[in-house]
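Heads up, the thing below is written out as structure tokens.
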Amino acid sequence: MREVVLKKSNRGFLDLFWDITSSEIEKRDAAIKNLQKHLSVRRNDIREHLSYALDRLSKGLRSSARSSKAGFSSALTLILQDNKDISAETLFSSLDKNVLSFKARDAKELAATNLAKIDCLVILYKSGRLDDLKKEDHKKIAAALIPLAKIESCLQSMLSVVSQAAPHLDHKVITLYRDLISQLWNSAWKAEEPTAGQILFILSLQDYPHVMSVVQDARRLETGNKSVIKRIVNAVKSCFQASDHEIAAELVARFRSSPIFSKLWARLSTPIDRPETPISHRLRALRMGLILLSKLQTDEQFKVVVTPTFLAFLQKQLSNAKLSSHEDICREVNSLLSHFRTHVSEENSTLENNDDCRFSLPNESAIQASHLFTSMASQMPLFDATLASRTPHLLSSLLDCSSVALSEEYLYEWSRNLQKLFLTAKEDSTITTATVDRQRLHILELLRLVVFFIISRSNATDSLEFLCETLDFLLLVANSSIVPLEAAEVAITSTVAGASLAQLGKCLTLLIRRVSLRAEMRNSSQSAKFCKQTMRVLLNTMRHLVETNMKICSDGLEDGAELLERLGTAKAILGDDDSDAVEQWIGILYATTIIYAVTLHSDPPSPKEASILSLLDDISEARRHRSLAITTVSNAMDTGQGTPASTNSDSTPEWSAVLTDAMLSLCVEPWRLLREVVGATFGRVVAQRELFAPPLGPPEMVFGTGKKEAEEQSEEAVSPLQLILSIADSRSKAAQERIAVAGVEEDEDDPDESIDGSSSAEEEEEREIGGFADLEEEGPSTEAKIVDEEEEEEFLSNEQIEEQDETLAALFRASRSSKMDAKSRKEAVALLKLRSFDFLEYLLLYTSDANLFLPTLYTTIQLAVASTRRISNIQTQRRQGNKGDHVPLARIASCLDQLRSRPLLANELLWQSICNSDEALLPTCFKAIFRVFRNAIPDNKLVKCLQTACEFLQFKKVADQNSRKLLNVVLEDVIGEFSSKMHPSKAHQLLLTRLITSSPELAELTGCLVIERLKSTLQPPSSPSQSNLSCIYAQTALLSLANAVTSGLAGSKSPTLSDWVLPLSRTLIGSFFMSPGASTWTQSKALPVAVFECLFNCFKLNKTVFDQLTSEELTSVLTSNRTAFPKAVRPHHSRLIQLIRSLRASSRHLSAVLEGLDTQRKLEKAEAKQERRRKRKAKAVADLAKKKKAKLEGAAKQKKA
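Residues in the sequence shown are numbered consecutively from 1, following the UniProt record's numbering.
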């Protein structure tokens, strides 16, 4: 069995058993799940794997390491539950052989084996296999366990296991365990001071009559008897000494429904109530209490344990990270929260059929969590406010777990109490302003959670009044910097006001995200109904917030006339019931912007406030022009048919361009809600085909080298797309001009350096010098006057010295502020470039206009290439560039991947738009995309971007398939351009090979082109002057493409694989093995390696090619001289020959060729052997003749002598 598993080379399967023994719980659980998955797959050798796993895991039960023992026990239990193919005979045979009948060799092994015998019973019980065993098997188990009941080290485990398994034994089988149960029962009753395990054993079995029938002394332990309290307290104290808090909590939890529970807990929690008690005793009681909380059920039970002193002591331990017990208590709290989260999620997973909302009927665990939450919230509502950093927030987490079980009335009341606590916070000698701010920030977070729960419920419309009330409070706090809250006893700081604005934005963001644009575009009536309901709630909420702001401005601001006017406009827009979807979102955008503008109000108005007010005017004007365009057909800004008419005046911008310009300015504001509203509004404008899209110019000017000429022709961007692309383009200065970074220094900077936000020290010195020079050029400065006075007087007066110091200080302050302003402007420019990608993403996913989609796709590909290059530069040059100054490649790849989920109707409309546009538009876009990748840095995500773009532009689900023909023509040009170069770029080559390998469609299109080009490059050079090295380089590059084609077709299991492999194999064999001049290619290293790799993949991935190749072709490969190649190439040659010989069984033709070669080789060996024998005989005859001659000569010399 083991030999079979090892023979299959299942190294990964065998390594799982090592991971099961890991001390890391996460690694151990992952290994158990992987083992379960491996054994659940049906394969031919599954029986061998199951037998090996059963044998290995049962042996592992004897491990002395705690982590190994726990891992093997859990894995064996899980496998027995899932695999019913393991028979009871096989299971018990393995346990008997490896555990029950195993004879230990020393004391350590004996102790581990004894515990393993006990584990066998609990594994059989948990896996549900006890009923499958025979009587003889039960007798063996009982006989093995009875001696262990007298061993003290095994007693605790024995009591726990028998108390779990005995109630589930059949009445016929229970008699076989009579001696074992009676022995444990009698020892528990006879003990003067019974342990917690013995008391739990009695309590677990006394309620089962069939178990008590085998016990002679069938007494009961009454849980309501007060005399039991002393025994329980003593047992718990003994558990404290052994640090076994789990068993102590389990014992106390047994009495949770008993009338003595309150008295029992009062006795046990005495150390917590008495500060003079040693801290170790108090901590023991606290840990046991935290474990006990996960076992309680009713509200009364939680109130018994969760007392003010208990909470105060727990809060003290969690608030001070310097305490030695802090980490232990945090671990217990995390375990408690993990218990509730796990059980709530497991119980909710059974209610998957409820599609109305994420909240279902409250389950048991959620109800328990709600009882604990209400008990804590009623006594200490700000429990989490003073906790140390990285400490689990117990109250907030319980609120999250119990949200479904808490009633709306309770949430309303608790929210109002939190608001009162926010307003009534006071300062004294112990509470500082920082402490008050910390409490208030925590209250704002809790209010946000409450609002989230209300919004997430299906009946959010019924809770509109409470929702508006809570959001009103957040708005009042956010505006407290301009209109202070009189009800607040302590003034609200700017930090708290900013946090309140952020929490208000998060609440409204959740509402906005629930009105999904994708859901609106679906034809599902249920999703449409849900979106309309949530949209109604959103509009009513925004209208209410606008009215609240109007009250704030009218009552608290004397100079708020401009704000009041615009607030009235927002109220009127939101109050229009006949408006369409785009009109509603423009109104929400206007209302959100004016709410943000109110928080920025100051006297006199700041430049930022004035800028926001001007943007509000632009939004209002765009809305007005849109209304005119809808009502008046002859209006120049009518775009209802998707082909906008030309404007009567070139100076009048189109309304969607004005709106897009305003949204681009708003998306860089620090309030996240503005970004969400801008995205939602722009998405609706794009989806409804109302975005102004003028006809593009010549495709070469849009995607090619004529782009700069087009930019020179139109200095001012008119269309929304041009506005967005001008900001996203790294070579454009539109973003700098929008953020007001105009100036000599910025204009002279390199674009890449301006994006990076990094500049040289010399440039910084020039800026500093320039700054001082500008100050001096303004006029005769005070410093110059001081110099003149110094010429007249040798000494300065005190007044002159003070005046000079003030002047110098002012100069330094101006220089420092200019540096900080430049840095903030550069950050704003980088942020604007990032935000512009949000607009590109909406255009990619929702537009159906070719004039919008194709330039956007091309720009997105450019951003992907630039992002890869930027990351590479930072890594290679170790530049300290800002990671947020470019769009991450992962986000670009994710955006392009969503193209697959575009609606079919939108794709059909897009294809119709492409067909109605210039014929050269799509081919030019294809070529431009491939041209961008020519010198790109190879990256897997970058290849995925190119693959996704090419696959989408084929429009496979559209009836018209002309796009595929266009891609074929473009790809032919790209491959032809690549193969025409004698020294193509390695990066370009690597990108093409990866793209072809990952895309079967491109592999099919590339195949014939590569074959033709390969045949032309394999021809002998037309002139002797042509470089041989250049030809070899081009041939190697083409072979890499051919290898990629083979892998791409084989990966997709394409039926055209055989049609591709045969001509490629014949071309390579004929050119490199059978050609008379084939000996020259062996002098290179890269080319033979490429040839052998290409043939290796052809033969390995398509074995039928051997039946189609001729005997001469196969023989030429098999008889190629290995010694003719360089030493570095010979392993590739041997690898190819070994592959061919290993596949002889798959082809009769190949087998015949190999047999012929073997026969010929045998004949050659025999002839060589005979030739060697003949030579040896001839040599022997010659040697014999020499010896005779020498002998005769010696004899003659002797005679002569």
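Here a beta-carbon is modelled for each residue, glycine too, at the ideal position from N, C-alpha and C.
Note that the coordinates shown come from a computational prediction; the quantities given were computed from them, not determined experimentally.
Span of the alpha helix (DSSP H), counted from its first residue to its last, around residue i
i	result
His245	His245 to Ala253
Asn186	Arg178 to Lys190
Ile79	Arg66 to Asp82
Thr195	Element bounds for Thr195: n/a, residue is neither H nor E.
Glu489	Careful: Glu489 lies outside any alpha helix (DSSP H) and carries neither H nor E.
Glu26	Ile25 to Ser40
Arg514	Ser494 to Arg514
Asn479	Per DSSP, Asn479 belongs to no alpha helix (DSSP H) and is neither H nor E.
Val451	Thr433 to Ser456
Leu725	Pro720 to Ala728
Tyr52	Ile46 to Gly60
Tyr208	No alpha helix (DSSP H) contains Tyr208, which DSSP labels as neither H nor E.
residue 1275	As displayed, the chain neither begins before 1 nor continues past 1201, which places residue 1275 out of reach and without an answer.
Ile586	Ala581 to Thr599
Ile914	Leu904 to Asn916
Nearest neighbour of residue i, chosen from the options [CA to CA]
i	options	result
Phe1096	Asn1121, Leu91, Glu919 and Ser1134	Ser1134
Gln954	Leu314, Asn916 and Glu908	Glu908
Leu567	Cys553, Cys468 and Leu557	Cys553
Val162	Asp137, Arg47, Leu124 and Ser901	Leu124
Leu1139	Gly679, Lys59, Cys1098 and Glu1171	Cys1098
Cys468	Ile151, Val483, Arg416 and Val436	Arg416
Arg513	Arg931, Trp585 and Ser378	Trp585
Leu538	Glu413, Ile588 and Asn968	Ile588
Met376	Asn363, Pro392 and Leu399	Leu399
Gln905	Ser848, Arg931 and Phe933	As written in the sequence, residue 905 is Leu, which differs from the Gln given in the question. That would be Ser848, whose Cα lies nearest to the Cα of Leu905.
Ser602	Met701, Arg282, Val483 and His544	Val483
Arg282	Asn83, Ile272 and Lys237	Ile272
Phe466	Arg1013, Gln419 and Leu115	Gln419
Gly1051	Ala1042, Gln1035, Thr997 and Ser1058	Thr997
Leu1114	Leu1101, Ala1090, Leu318 and Ser1151	Ser1151
Cys507	Asp1107, Val450, Thr495 and Asp729	Val450
Asp939	Leu992, Phe926 and Ser901	Leu992
Distance CB(residue i)-CB(residue j) smaller than 7 Å
i	j	result
Thr868	Ile937	yes
Phe837	Ile724	no
Ala497	Ser480	yes
Cys945	Ala866	no
Arg331	Leu296	no
Glu192	Asn234	no
Lys140	Leu100	yes
Ala622	Val658	yes
Leu372	Phe302	yes
residue 1205	Ile118	Since the first and last residues shown for the chain are 1 and 1201, residue 1205 lies out of range.
Leu613	Ala662	no
Thr924	Pro694	no
Ile20	Ala75	yes
Gly683	Tyr858	no
Ser1147	Phe1106	yes
Lys927	Val958	no
query = Whole alpha helix (DSSP H) runs in the region 1109-1165 with 4 or more residues, listed along the chain?
reply = Counting only unbroken stretches of 4 or more residues, the alpha helix (DSSP H) elements lying wholly within the region 1109-1165 are 1111-1118 and 1130-1142, in sequence order.
Length at least 3, wholly inside the region 105-152: the beta strand (DSSP E) runs in chain order = none
inquiry  = As an exercise, report each continuous beta strand (DSSP E) stretch of at least 3 residues that is fully enclosed by the region 645-695, in chain order.
reply    = none
task = Would you mind listing the beta strand (DSSP E) stretches within the region 370-409 that are 3+ residues and don't spill past its ends, in chain order?
result = none
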